[in-house]
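Novice: In this note's numbering, the protein residues as written are 13 to 313. Just so you know, even glycine gets a beta-carbon here, dropped at the ideal spot from N, CA and C. Computed from a predicted structure; not experimentally measured. Have a look at the structure that comes next, please.
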Amino acid sequence: MANIAIIGSGNLGSCIAYTVALKGLATRLILHDKAEGLAEGHVLDLVQAFPSEQIDIRAGSLDDCLDSDIAIVSAGLARSPNTESRLELAATNLKIIKGIAQGMHGYEGIAIVLTNPTDVMNYFFQKHSGIDRHRVIGSAGLLDTARFRSELAKASGLQPHQIDAMVIGEHGDRQVPLFGLALANGKGINVPEDVKRAVRDGMRNMALDVIRKKGATIYGPASMTAMVAESIVKDGKQVLPCSAVLDGEYGLSGISIGVPCVIGTGGIEGVVEFGLDWEDEVALKKAAESLKQSIGALETG
């Protein structure tokens, strides 16, 4: 078990805290939020939820979070029904991420970033914190992958647990579902083009549908982030799609983008470079170029 900090204790951050505690991943759990009393309120609630567990749950400052083994950063504005693109959030959330990152210079643990747009925020968090790129993980690809499995299962007349699949690329409009590597009950799937279009549309609409009906996606990202944390705490060496700051992997550098990562106690312990078909390779490069443009605009804006 580990010492885990939640930086940004709103609806998502508090749900992550609950999920992490429920999984028994933490011996100490620190919640931090700039909103007065919010973290303290969640702590009171969480303590009552786990009265018999050997876990120290408390509210703390950003400095208190520096002693953690894992810092989960979920601070910032969430996507709303009126947000046409995740990138609209970037300018506002960059100020928040930059402030947190600068306060975490010298941090020796592993940071997991959820703030949207995740790929861009993960890149800037790593840049402004100075933390080694292997210890900064953007949590998004697992959620996209869950949506991909759900839509592909629906199109195939199966259940999501029968589908093995992965999404790489941007967490947003330029996500890249790897149809060519998808398996149904352990066997390859031949997916017609019209079904691919329907699956992609379903994936894009899924998050917006949740946001329209309840305001934000909470349980999905919380569960997937806890899965990343679990692979770190237990040294699971699981290959999970996460946003990573790249330096030559997949021929890409100077961005953070979703790729298959080996997640263990060292954070991102490796990037698995799948042999992509031409269509997926082009889509990944387009996603990378889009992210580079967004990063450039924010750096000069």
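1. For Thr104, count neighbouring C-beta atoms within 10 Å of its own C-beta (all shown protein chains included) and say buried if the count is 16 or more, exposed if not.
2. Less than 8 Å between the C-beta atoms of Glu163 and Met215, yes or no?
3. Near Thr157, which residues of its chain fall below 6 Å by C-beta distance, leaving aside the five closest residues on each side in sequence?
4. Beta carbon of Ile19, beta carbon of Ala38: below 8 Å?
5. Just to confirm my understanding: we take Ser265, look at its own chain, exclude 5 residues before and 5 after, and list those with CB closer than 8 Å. What are they?
6. List the DSSP bridge partners of Ser255.
7. Across the stretch 163-173 and the stretch 134-143, are there enough close Cβ pairs to call them in contact, namely three or more that are closer than 8 Å?
8. Under three-state DSSP, which class holds Asn15?
9. Can you list, in chain order, the residues of its chain whose CB lies under 7 Å from that of Ile28, leaving out five sequence neighbours each side?
10. Between Ser255 and Thr130, how many whole angstroms is the CB-CB distance? I'm expecting something under 8 Å.
11. Kindly list the residues whose CB is nearer than 8 Å to the CB of Ile317, restricted to its own chain and excluding five residues on each side of it in sequence; keep chain order.
12. For Arg147, does the count of other Cβ atoms within 10 angstroms reach 16, so buried, or fall short, so exposed?
13. Using CA coordinates, which residue listed in Pro63, Asn217 and Phe160 is at the minimum distance from Ala33?
14. Per DSSP, what are the beta-bridge partners of Gly282 in this structure?
15. From which residue to which residue does the alpha helix (DSSP H) around Gln171 run?
16. With DSSP as the reference, label Lys298 as helix, strand or coil.
17. Check whether the Cβ atoms of Leu24 and Ile223 lie closer than 8 Å to each other.
18. Can you give the beta carbon distance from Ala123 to Phe137, rounded, assuming they're within the 8 Å contact cut?
19. Using 8 Å as the threshold, is the C-beta distance between Gly270 and Gly192 below it?
20. Would you kindly work out how many angstroms separate the C-alpha atoms of Gly117 and Lys208, rounded to a whole number?
21. In three-state DSSP terms, what is Gly181?
22. When the Cα of Leu58 is compared with those of Leu41, Ala47, Glu48 and Gly49, which residue comes out closest?
23. For Gly88 and Ile69, which I take to be in contact (beta-carbon distance under 8 Å), what is that distance rounded to the nearest angstrom?
24. Determine which residues share a DSSP beta bridge with Ala210 and list them.
25. Please classify Val240: does DSSP put it in a helix, a strand, or coil?
Specialist: Short version:
1. Walking along the sequence shown from the start, residue 104 turns up at place 92. The residue is exposed, with fewer than 16 neighbouring Cβ atoms inside 10 Å.
2. Residue numbering aside, residue 163 sits at position 151 when the sequence shown is read from its first letter. Residue numbering aside, residue 215 sits at position 203 when the sequence shown is read from its first letter. Cβ distance < 8 Å, so Glu163 and Met215 count as in contact.
3. As a working note, residue 157 is residue 145 in the sequence shown. These residues qualify, in order along the chain: Met178, Val179 and Pro253.
4. Indexing the sequence shown from 1 puts residue 19 at position 7. Indexing the sequence shown from 1 puts residue 38 at position 26. No; because the gap between Cβ atoms is not below 8 Å, this pair is not in contact.
5. Translated into positions along the sequence shown, residue 265 becomes position 253. Excluding positions up to five away in sequence, the list reads Leu258 and Asp259.
6. In the sequence shown, the residue the question calls residue 255 occupies position 243. Partner(s): Gly150 and Gly270.
7. no
8. Along the sequence shown, one-based indexing puts residue 15 at 3. Here Asn15 sits in strand by DSSP.
9. Residue mapping note: residue 28 aligns to position 16 of the sequence shown, counting from 1. Same-chain partners within the cutoff: Ile18, Ile84, Ser86, Ala234, Thr237 and Ala238.
10. Locating residue 255 in the sequence shown gives position 243, counting from the first residue. Locating residue 130 in the sequence shown gives position 118, counting from the first residue. Confirmed, Cβ separation roughly 6 Å.
11. For residue 317 there is no data in the structure shown, the boundaries of the chain being 13 and 313.
12. Position 135 of the sequence shown holds residue 147. Answer is buried; the Cβ neighbour count reaches 16.
13. Translated into the one-based positions of the sequence shown, residue 33 becomes position 21. Considering only alpha carbons, the answer is Pro63.
14. If you number the sequence shown from 1, residue 282 lands on position 270. Looking at the DSSP assignment, Gly282 forms a beta bridge with Val274.
15. Here residue 171 refers to the residue found at position 159 when the sequence shown is read from its first residue. No alpha helix (DSSP H) contains Gln171, which DSSP labels as neither H nor E.
16. On the sequence shown, position 286 is the one that residue 298 refers to. Three-state result, Lys298: helix.
17. Against the sequence shown, residue 24 aligns to sequence position 12. Against the sequence shown, residue 223 aligns to sequence position 211. Going by C-beta atoms, Leu24 is not nearer than 8 Å to Ile223.
18. Taking the sequence shown and counting its residues from 1, one reaches residue 123 at position 111. Taking the sequence shown and counting its residues from 1, one reaches residue 137 at position 125. The Cβ separation is near 7 Å, so the contact holds.
19. In the sequence shown, counting from the first residue as 1, residue 270 sits at position 258. In the sequence shown, counting from the first residue as 1, residue 192 sits at position 180. No, the pair does not count as a contact, with Cβ atoms beyond the cut-off.
20. Here residue 117 is taken as the residue at index 105 of the sequence shown, counted from 1. Here residue 208 is taken as the residue at index 196 of the sequence shown, counted from 1. Here residue 117 turns out to be His, not Gly, going by the sequence shown. Spanning the two alpha carbons is a distance of roughly 44 Å.
21. Numbered from its first residue, the sequence shown carries residue 181 at position 169. Three-state DSSP puts Gly181 in a strand.
22. The residue given as residue 58 occupies position 46 in the sequence shown. Among Leu41, Ala47, Glu48 and Gly49, the Cα nearest to that of Leu58 belongs to Leu41.
23. One-based indexing of the sequence shown puts residue 88 at position 76. One-based indexing of the sequence shown puts residue 69 at position 57. The Cβ separation is near 23 Å, so there is no contact.
24. For the purposes of this step, residue 210 is taken as the residue at position 198 of the sequence shown. DSSP lists no partner for Ala210.
25. The residue labelled residue 240 in the question sits at position 228 within the sequence shown. Three-state result, Val240: helix.
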